[in-house]
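Novice:
Number of protein chains: 2
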Amino acid sequence: MGEEYFDLLVYIAKEKGLFNTLKSSTSKIANEMKVSQQTISRKLRDMEDLGLIKREVTPNGLSISIADGGRAVLKKNYLELEEIFKEKKLVLKGIIEKGIGEGKYYMSMKQYQQQFKSKLGFDAYPGTLNLKVNKVEVMGFLSSLEPVIIEGFTTKSRTYGSLTCYKIKINGIGGAIVIPERTRHEEETLEIIAPVHLRSKLNLKDGTVLRVKS
Amino acid sequence: MGEEYFDLLVYIAKEKGLFNTLKSSTSKIANEMKVSQQTISRKLRDMEDLGLIKREVTPNGLSISIADGGRAVLKKNYLELEEIFKEKKLVLKGIIEKGIGEGKYYMSMKQYQQQFKSKLGFDAYPGTLNLKVNKVEVMGFLSSLEPVIIEGFTTKSRTYGSLTCYKIKINGIGGAIVIPERTRHEEETLEIIAPVHLRSKLNLKDGTVLRVKS
DNA sequence: ATTACTATGTTGCGAGTAT
DNA sequence: TATACTCGCAACATAGTAA
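Chain order of the listed sequences is A and B. Mind the numbering: the first sequence is residues 1 to 214 in our numbering, read in order. Mind the numbering: the second sequence is residues 1001 to 1214 in our numbering, read in order.
1. Hey, how far is the Cα of Thr-1155(B) from the Cα of Gly-51(A)?
2. Cβ of Pro-1195(B) versus every heavy atom of the ligand NAD: is any distance shorter than 7 Å?
3. Among the residues of its own chain, which have a CB less than 6 Å from the CB of Lys-1098(B), if the five just before and after it don't count?
4. Could you have a look at Val-1212(B) and say whether DSSP puts it in helix, strand or coil?
5. Between Cys-1047(B) and chain A, is the shortest Cβ-Cβ distance under 8 Å, so that the two count as touching?
6. Starting from the C-beta of Ser-1024(B), find all residues in its chain whose C-beta is less than 8 Å away, skip the five residues before and the five after it, and write them out in chain order.
7. Is Asp-1068(B) close to chain A? Criterion is C-beta to C-beta, closer than 8 Å.
8. Along the chain, which unbroken stretches of the alpha helix (DSSP H) at least 4 residues long are found entirely within the segment 24–60 of chain A?
9. Kindly list the residues whose CB is nearer than 8 Å to the CB of Asn-20(A), restricted to its own chain and excluding five residues on each side of it in sequence; keep chain order.
10. If we define contact as Cβ-Cβ less than 8 Å, is His-1185(B) a contact residue for chain A?
11. Mind checking who Phe-1153(B) pairs with in its DSSP beta bridge?
12. Near His-1197(B), which residues of its chain fall below 8 Å by C-beta distance, leaving aside the five closest residues on each side in sequence?
13. Under 8 Å between C-beta atoms, does Leu-1018(B) make it to chain A?
14. Lys-1135(B) and Glu-1188(B) - do their beta-carbons sit closer together than 8 Å?
15. Taking just the CA atoms, how far does Arg-1042(B) sit from Val-1035(B)?
16. So Asn-1077(B) contacts chain A; which residues on that side make the cut at Cβ distance below 8 Å?
17. Using a Cβ-Cβ cutoff of 7 Å, what residues of the segment 1137–1164 of chain B are near chain A? List them in chain order.
18. Indicate the three-state DSSP secondary structure (helix, strand or coil) for Val-138(A) in the structure shown.
19. Closer than 7 Å by beta-carbon distance: list the chain B residues that pair up with Ala-30(A), in chain order.
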């Protein structure tokens, strides 16, 4: 292939862009790229043969510009990487888990409820749906969403931490993923809130596969 | 460095994104990338050692996901290429040349003038300013601009070809670069039109260096 | 079927040096 | 100074095959 020419092609393009001519020397480029002068000399000759660059040798240096072939290689790689980074995961898959009851407890606090209403736009049903998910998939899914911070508070009996929420849709119903402060990073269960009791409304059972969308 | 792992990293990321796990086999990947099974096997092991991927070997295949190091490499390359492709040359430098008179001739045709007014937004002064420029710089400059096509027409005496125009600013005055149809590709002189006589308005003389902006 | 070892090609790198 | 040879060595790729 031609993988070994890519870095040098990027170097040239970064120096003077895709269309201008770079006046330099093999030793100068070699120094900056931390390889030998001989390697740069050989690579540039090879790249010229491959139609990646145009090259003109003068007594005291080189004139290098990127040829159509080189631009094509750069663009191909750019588009591939753009595809990778611009792709945002729109659906998260998980399996319904038996709730452990804690969600119901803190969900009922009016200090949280008021913020759910004002920041998420709905009165949350007092309880959470637990969804077992793949940790890395969650990262990809959440990374494209805007976090909504629900502030914590303290009562005379205990302290309630802040919550990070992400608005989602569950079978068309607007809800949110709720991640309590200081959740273990290895956590593989997400808690989901919604204005209705999702379990009965959507007839969900433990083990059901559920897809939520952003 | 690690240039030889880049293509494989891109392959994995394209398959399943930056966060999901790819279940495949060394021979399947080798087939698709047109290298040997042994090479893929070795490279994946190396990439795991380098912290580019996470890898799990099972009796009937592999689970591969991209690690933080791999994401860093991909992102670095993405940002470099984005810089190269997103950089739009905003200024084009040239030297005022003596006009050859032809511009003035066709500029006065009302069939062109009507289109200048409707498509470029100004009545063009009947004459062009000739600017000697670097061919490759022109390509970089024009590639980021929207071409405006002025249709050709035929009179009883001759045919007037279509013109490709690019709106620009010359010292703050809105004008356009005009490239006649079938211009020689090696042409190094651009013709510029504007609503005023640029030469007198801007006190330009032959040999003056002029910068036009998009 | 897998992955990955060993042995053997092949290619790339760079020190020395010619031009 | 510059580019670009030659050539010894190291790195990479692959065929065969073990596990």
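The beta carbon of each residue, even a glycine, is placed where N, CA and C say it ideally should be. Quick caveat: nothing in here was measured; it's all calculated off a predicted structure.
Specialist: Reading from the atomic positions:
1. Mapped onto the second sequence, residue 1155(B) falls at position 155. Mapped onto the first sequence, residue 51(A) falls at position 51. Cα to Cα, Thr-1155(B) sits roughly 45 Å from Gly-51(A).
2. Among the ligands in the structure shown, none appear at all, so the ligand NAD cannot be discussed.
3. Locating residue 1098(B) in the second sequence gives position 98, counting from the first residue. Asp-1206.
4. One-based indexing of the second sequence puts residue 1212(B) at position 212. Val-1212(B): strand per DSSP, three-state reduction.
5. As a working note, residue 1047(B) is residue 47 in the second sequence. Note on residue identity: the sequence assigns Met, not Cys, to residue 1047(B). For Met-1047(B), the answer is no, since every Cβ of chain A falls outside 8 Å of its Cβ.
6. By one-based count along the second sequence, residue 1024(B) stands at place 24. Cβ neighbours of Ser-1024(B) beyond the five flanking positions: Glu-1015, Gly-1061, Leu-1062, Ile-1064.
7. Residue 1068(B) sits at position 68 when you count from the first residue of the second sequence. It does not; no Cβ of chain A falls within 8 Å.
8. 26–33, 37–49
9. For the purposes of this step, residue 20(A) is taken as residue 20 along the first sequence, with counting starting at 1. Excluding sequence neighbours, Asn-20(A) sits near Ser-65.
10. As a position in the second sequence, residue 1185(B) is number 185, starting the count at 1. At His-1185(B) the pLDDT is 49, less than 50, meaning the model places this residue with poor confidence and gives no usable figure here.
11. Position 153 of the second sequence, counting from 1, holds the residue named residue 1153(B). According to DSSP, Phe-1153(B) bridges with Tyr-1160(B).
12. By 1-based counting over the second sequence, the position of residue 1197(B) is 197. Contacts found: Tyr-1125, Gly-1127.
13. Position 18 of the second sequence, counted from the start, is the residue given in the question as residue 1018(B). Output row for Leu-1018(B): interface = yes.
14. The residue given as residue 1188(B) occupies position 188 in the second sequence. The residue given as residue 1135(B) occupies position 135 in the second sequence. Closer than 8 Å, so yes.
15. What you label residue 1035(B) is simply residue 35 of the second sequence in a count that begins at 1. What you label residue 1042(B) is simply residue 42 of the second sequence in a count that begins at 1. Cα-Cα distance, rounded: 12 Å.
16. As a first step, residue 1077(B) must be located in the second sequence, where it is residue number 77. By Cβ distance, chain A contributes Val-10, Asn-77, Leu-81.
17. Glu-1137, Met-1139, Gly-1140
18. Translated into positions along the first sequence, residue 138(A) becomes position 138. Three-state DSSP puts Val-138(A) in a helix.
19. Sequence index remark: in the first sequence, residue 30(A) carries index 30 (1-based). Near Ala-30(A) there are no residues of chain B at all, since even the closest Cβ is about 14 Å away, more than 7 Å.
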